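K.L.:
Numbering (the working numbering), first residue to last: 3 to 434.
Note that CB positions come from ideal geometry on N, CA and C, so glycine has one too.
All figures in this text were calculated on a predicted structure; none of them were measured in a lab.
Would you mind keeping the following structure in view while I ask a few things?
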């Protein structure tokens with residue numbers, strides 16, 4: 003009788019576990035002590051930036067001894083400015099292990115890295131390639147579920163996340179969903195040559211849909227790509243991030259490349275568009291602070307944990323509440339955006355801003371002075387910024403043409419920012 007009682011008790015426990023995925027603290031606490039790692043699983047291949055062939059691999063982390071047959075999956079994407087990094091980077095291993103012990107399956111994903119010359123156009127191509135590879139990795143698990151079901155994934159609970167370039171990749175997978183949105187950066191022929199947004203990195207015919215994003219110090223090229231109805235996002239970011247700016251600024255991994263909208267801007271847009279989001283600010287912290295600091299890592303894990311158990315419907319108590327805007331709103335530079343995101347629409351001819359602002363900046367390159375003529379009438383401001391995003395000089399104009407002297411500037415690259423109401427136009431300026 004005792005054996006029968008034990009058997010039926012176990013059966014009841016397993017049935018309860020299946021019906022309630024959060025039972026016994028799963029996904030909210032470390033219910034497993036050990037992690038089983040399967041390394042270098044090939045999920046696809048594609049052409050590298052230089053024309054060679056890159057075999058794409060990932061590492062899978064599973065809870066040792068787990069009997070659950072329908073588990074949520076987190077795909078983690080490493081940083082490295084799209085020119086370096088690996089699926090075995092310390093923060094990727096740590097995040098994978100920490101969440102696997104809570105009952106998730108985690109996959110740390112490699113993607114194609116490298117680009118040259120180091121300019122904005124090639125940087126955009128690198129992002130597109132990374133997104134294509136991440137989509138192939140997502141498709142790999144959809145394919146597995148419909149074939150061998152090796153990894154026991156619940157494909158309605160797939161999340162993507164990462165650090166720095168990896169977070170940029172995850173965010174663009176989630177919110178860059180129309181080729182015309184990047185038409186300002188790449189022409190249609192180039193996008194087609196790259197393989198489109200979905201790409202051909204492997205596992206064709208399967209879905210690449212995900213249910214949420216874990217953004218560790220990442221950014222979007224344009225925060226307006228996030229639209230009502232989009233999937234939720236949780237973000238952590240340091241206010242002193244000099245590589246990927248907390249607000250809006252030039253991403254600078256050693257070479258200034260292009261303006262990106264950081265986590266604070268993404269939070270602003272999500273609130274305006276009604277997209278579910280959570281945001282935690284590391285006050286005074288640098289780029290990806292949790293990679294080298296255990297306390298920051300604990301906060302990051304707890305914050306992402308809270309976001310995920312909420313998505314899964316777990317009733318467990320929160321561990322790390324978001325601290326924005328109470329602690330961080332004063333850090334937001336209101337001269338970059340007044341909180342009313344510019345909406346954009348995709349048309350047959352490309353992406354179009356509603357009531358767009360452009361400006362004629364002449365001459366460019368320039369030596370002594372420039373004139374600025376905006377496309378919209380009325381009051382506007384013009385600022386000259388250095389490559390770090392610091393405002394050097396600015397002027398407010400009631401109407402007409404603005405003229406700014408360059409005599410105090412040394413030769414080099416700058417940016418001219420024109421703002422009229424909620425609309426902004428930025429152009430690179432060369433002083434010789």
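(1) Among 25, 105, 282, 114, which one has its Cα closest to the Cα of residue 45?
(2) Looking at the strands, I want to know which residues DSSP matches up with residue 61.
(3) Can you give the Cα-Cα distance for residue 183 and residue 207, rounded to whole angstroms?
(4) Mind checking which residues open and close the beta strand (DSSP E) that includes residue 45?
(5) On a CA-only basis, which of 404, 268, 155, 124 is nearest residue 177? Give me that one, please.
(6) Pop quiz: residue 66 and residue 37 are said to be a contact at Cβ under 8 Å. What is the actual Cβ separation, rounded to whole angstroms?
(7) How big is the Cα-Cα spacing for residue 352 and residue 126?
(8) Starting from residue 266, follow the alpha helix (DSSP H) in both directions and report where the run begins and ends.
(9) Report yes if the C-beta distance between residue 274 and residue 205 is below 9 Å; otherwise report no.
(10) Under three-state DSSP, which class holds residue 208?
(11) Could you give the C-beta distance for residue 77 and residue 130, rounded to a whole number, given that I count them as a contact under 8 Å?
(12) Measuring alpha carbon to alpha carbon, tell me which residue in 147, 368, 136, 420 is nearest residue 80.
(13) Can you confirm whether the segment 167-176 touches the segment 310-319 when touching is taken to mean that 3 or more C-beta pairs between the two stretches lie within less than 8 Å?
(14) If you draw a straight line from the C-alpha of residue 84 to the C-alpha of residue 116, how long is it?
(15) Between the alpha carbons of residue 88 and residue 82, how many angstroms are there, rounded?
(16) Could you name the residues of the same chain whose beta carbon sits closer than 6 Å to that of residue 429, not counting the 5 residues immediately before and after it, in chain order?
(17) Just checking my contact of residue 217 with residue 235 at CB under 8 Å: how many whole Å lie between their CB atoms?
(18) For residue 420 versus residue 384, is the C-beta spacing smaller than 9 Å?
(19) Roughly how many angstroms separate the alpha carbons of residue 102 and residue 63, rounded to a whole number?
(20) In whole angstroms, give me the CA-to-CA distance for residue 41 and residue 60.
(21) Could you check whether the segment 400-414 touches the segment 371-384, counting it as contact only if at least three pairs of C-beta atoms, one from each stretch, sit closer than 8 Å?
(22) Identify, in the order they occur along the chain, each residue of the same chain with its Cβ nearer than 6 Å to the Cβ of residue 147, setting aside the five sequence neighbours on each side.
P.N.:
So, from the data block:
(1) By one-based count along the chain shown, residue 45 stands at place 43. Ranking 25, 105, 282, 114 by CA distance to the CA of residue 45 puts 114 first.
(2) Your numbering for residue 61 matches position 59 in the chain shown. DSSP lists 110 as the bridge partner or partners of residue 61.
(3) As a position in the chain shown, residue 183 is number 181, starting the count at 1. As a position in the chain shown, residue 207 is number 205, starting the count at 1. Roughly 24 Å separates the two Cα atoms.
(4) By one-based count along the chain shown, residue 45 stands at place 43. It spans 37-49 - the beta strand (DSSP E) in which residue 45 sits, taken as one unbroken run.
(5) Within the chain shown, the letter at position 175 stands for residue 177. The shortest Cα separation from residue 177 among 404, 268, 155, 124 belongs to 268.
(6) Position 64 of the chain shown, counted from the first residue, corresponds to residue 66. Position 35 of the chain shown, counted from the first residue, corresponds to residue 37. Contact check for residue 66 and residue 37: beta-carbon distance about 6 Å, within the 8 Å limit, so the pair qualifies.
(7) As a first step, residue 352 must be located in the chain shown, where it is residue number 350. As a first step, residue 126 must be located in the chain shown, where it is residue number 124. Low confidence applies to residue 352: its pLDDT is 46, below 50, so where it sits in the model is not reliable, and the reading given next is rough at best. Distance between the alpha carbons of residue 352 and residue 126: 17 Å.
(8) Within the chain shown, the letter at position 264 stands for residue 266. Looking at the DSSP string, the run of the alpha helix (DSSP H) that includes residue 266 is 265-275.
(9) Taking the first residue of the chain shown as 1, we reach residue 274 at position 272. Taking the first residue of the chain shown as 1, we reach residue 205 at position 203. Contact flag unset, no.
(10) As a working mapping, residue 208 is identified with position 206 in the chain shown. Looking at residue 208 - three-state DSSP - the assignment turns out to be coil, as it is neither helix nor strand.
(11) Mapped onto the chain shown, residue 77 falls at position 75. Mapped onto the chain shown, residue 130 falls at position 128. So it is not a contact: roughly 18 Å between Cβ atoms.
(12) Residue numbering aside, residue 80 sits at position 78 when the chain shown is read from its first letter. For the residues 147, 368, 136, 420, the minimum Cα distance to residue 80 belongs to 136.
(13) The segment 167-176 and the segment 310-319 do not touch, with fewer than three beta-carbon pairs separated by less than 8 Å.
(14) What you label residue 84 is simply residue 82 of the chain shown in a count that begins at 1. What you label residue 116 is simply residue 114 of the chain shown in a count that begins at 1. Cα to Cα, residue 84 sits roughly 6 Å from residue 116.
(15) Counting from 1 along the chain shown, the entry for residue 88 is found at position 86. Counting from 1 along the chain shown, the entry for residue 82 is found at position 80. Approximately 8 Å, taken between the alpha carbons.
(16) The residue labelled residue 429 in the question sits at position 427 within the chain shown. Excluding positions up to five away in sequence, the list reads 363, 418.
(17) Reading the chain shown from its first residue, position 215 is the one you call residue 217. Reading the chain shown from its first residue, position 233 is the one you call residue 235. Sure, about 6 Å apart at Cβ, within 8 Å.
(18) Walking along the chain shown from the start, residue 420 turns up at place 418. Walking along the chain shown from the start, residue 384 turns up at place 382. Yes.
(19) In the chain shown, counting from the first residue as 1, residue 102 sits at position 100. In the chain shown, counting from the first residue as 1, residue 63 sits at position 61. Distance between the alpha carbons of residue 102 and residue 63 is about 6 Å.
(20) In the chain shown, the residue the question calls residue 41 occupies position 39. In the chain shown, the residue the question calls residue 60 occupies position 58. Approximately 7 Å, taken between the alpha carbons.
(21) The segment 400-414, when compared against the segment 371-384, does touch it at the 8 Å Cβ threshold.
(22) The residue labelled residue 147 in the question sits at position 145 within the chain shown. So the list reads 155, 157, once near-sequence residues are dropped.
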